[in-house]
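Participant:
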DNA sequence: CGTTAAGTGGCATGACATGCCAAAAGAATC
DNA sequence: GATTCTTTTGGCATGTCATGCCACTTAACG
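Chains as they are written, first to last, in full-length UniProt numbering: chain A, 1 to 171; chain B, 1 to 171.
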């Protein structure tokens with residue numbers, strides 16, 4: 001049981017230590033992850049050596065999970081974003097688990113959360129068009145067992161997309 | 001009116017041309033945006049020169065919008081993610097516009113969409129904890145004029161977060 | 001076939017990442 | 001408050017990489 005201490009450590013003790021340099025690094029890399037180390041160092045007011053050391057540490061600590069290119073969905077032919085509310089059947093214990101496993105394997109689902117409120121799960125699904133969504137819904141989603149209800153909310157306009165996380169609360 | 005042609009061009013003619021190399025580049029940079037050009041080139045089976053040229057082209061075309069570090073929300077003390085359904089008042093024409101402008105300026109709102117369905121807008125809000133959300137809700141969101149209803153759905157568990165966009169439909 | 005256009009590969013140079021060590025800054029102890 | 005210990009920084013050296021240029025290959029078209 002004591003082994004759970006380490007796995008819960010992150011929740012118990014969220015920020016090990018973040019000084020102003022770390023916060024600036026995170027802020028800069030959220031905006032442009034391809035900054036060279038020397039430019040990043042200049043921007044945060046530190047020389048390249050310690051700057052790089054800090055970045056590596058943040059990566060090792062898991063604070064930085066990875067780096068990803070942000071693509072224009074329309075440009076690559078993924079014009080339709082749908083937010084799907086999913087309810088699973090209350091009875092079967094394993095409904096939620098099988099649903100989670102299924103969802104994780106679907107590339108069209110780019111985010112998935114267990115949520116409070118009317119629905120159980122909230123999925124963000126990305127497909128080329130309505131026809132593709134129809135196919136996804138009828139041939140993929142609806143075939144997952146244990147689903148009691150699905151509600152599709154189509155994104156008509158995107159105001160903001162995966163904006164940078166606010167870092168103002170750190171100091 | 002003809003000037004609208006260019007602004008609509010992307011929707012009319014989504015993918016200008018994507019061969020296998022481009023798709024592999026986008027795929028690789030979605031997974032690891034900090035890949036060096038030589039490693040990227042090796043991975044996609046091309047020499048560094050044309051590989052870099054393709055990446056720059058994809059950036060200029062706007063296919064690649066940017067690069068960003070993915071941070072661990074818990075690690076930086078942002079333990080609470082809330083999906084907020086917002087309805088604006090039907091009467092005032094400008095309700096939606098003022099709401100959009102307000103939302104764009106809020107760093108806690110990391111994504112915002114105009115959606116079909118029961119709500120008008122779907123926001124993703126990130127805050128340290130419940131107390132911070134209470135403050136955000138009462139002192140920020142509820143003070144935006146023209147809002148008729150707000151429903152907060154708390155993320156209890158995150159199965160997948162901003163996963164890579166599926167590129168399988170390109171050829 | 002010859003011509004042209006587009007894309008590729010290799011090379012050279014300048015910039016950069018990265019590991020090491022001495023110096024500086026800060027914390028703790030007496 | 002001086003000393004010691006710890007931590008972090010800055011500079012340097014080396015090997016790797018980005019980047020622009022040019023010759024070569026390939027494919028399409030007349």
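Don't be surprised by glycine CBs; every beta carbon is placed ideally from N, CA and C.
Can you name the residues that DSSP bridges to residue 85/B?
Facilitator: 122/B, 151/B
Participant: Using the rule of at least 16 other Cβ atoms within 10 Å of the residue's Cβ for burial, across every protein chain shown, is residue 37/B buried or exposed?
Facilitator: Exposed: under 16 other Cβ atoms inside 10 Å.
Participant: So for residue 163/B, helix, strand or coil by DSSP?
Facilitator: coil
Participant: Pick helix, strand or coil for residue 69/A, following the three-state DSSP scheme.
Facilitator: strand
Participant: So residue 112/A contacts chain B; which residues on that side make the cut at Cβ distance below 9 Å?
Facilitator: 158, 159, 160, 161, 163
Participant: Count the other CB atoms, across all protein chains shown, that sit within 10 Å of the CB of residue 64/A; report buried if there are 16 or more and exposed otherwise.
Facilitator: buried
Participant: According to DSSP, what are the bridge partners of residue 102/B?
Facilitator: Residue 102/B pairs with nothing; no bridge assigned.
Participant: Please confirm if residue 37/B has its CB atom under 8 Å from at least one CB of chain A.
Facilitator: no
Participant: Contact between the segment 115-130 of chain A and the segment 163-170 of chain A: three or more CB pairs below 8 Å?
Facilitator: Fewer than three pairs of CB atoms, one per stretch, sit closer than 8 Å, so the segment 115-130 of chain A makes no contact with the segment 163-170 of chain A.
Participant: For residue 134/B, which of 147/B, 108/B, 158/B has the nearest alpha-carbon?
Facilitator: 108/B
Participant: Determine the direct distance from the alpha carbon of residue 48/B to that of residue 122/A, and round the result to whole angstroms.
Facilitator: 41 Å
Participant: Taking the C-alpha atoms as reference points, what is the distance between residue 176/A and residue 150/A?
Facilitator: Given that chain A is displayed from residue 1 to residue 171, the structure contains no residue 176/A and the question cannot be resolved.
Participant: With distances taken Cα to Cα, identify the nearest neighbour of residue 91/B among 148/B, 104/B, 44/B.
Facilitator: 148/B
Participant: What residues in its chain sit with their C-beta under 8 Å from that of residue 110/A, if we drop five residues either side in the sequence?
Facilitator: Same-chain partners within the cutoff: 124, 125, 126.
Participant: Compare the C-alpha of residue 34/B against each of 70/B, 23/B, 152/B and name the closest.
Facilitator: 70/B
Participant: Checking contacts by CB at 8 Å: is residue 98/A closer than that to chain B?
Facilitator: It does not: the Cβ of residue 98/A has no partner Cβ on chain B nearer than 8 Å.
Participant: Under 8 Å between C-beta atoms, does residue 166/B make it to chain A?
Facilitator: Yes, contact with chain A.
Participant: Could you confirm whether any beta carbon from chain A is found closer than 8 Å to the beta carbon of residue 126/B?
Facilitator: yes
Participant: Rounded to whole angstroms, what is the Cα-Cα separation between residue 100/A and residue 81/B?
Facilitator: Using only the alpha carbons, I get a separation of about 19 Å.
Participant: Within the continuous beta strand (DSSP E) that includes residue 49/A, where are the two ends?
Facilitator: Premise fails: residue 49/A lies in the alpha helix (DSSP H), 48-60, not in any beta strand (DSSP E).
Participant: How big is the Cα-Cα spacing for residue 156/A and residue 83/A?
Facilitator: CA-CA distance, residue 156/A to residue 83/A, rounds to 11 Å.
Participant: Would you say residue 65/A lies against chain B (beta-carbon separation less than 8 Å)?
Facilitator: Residue 65/A counts as touching chain B.
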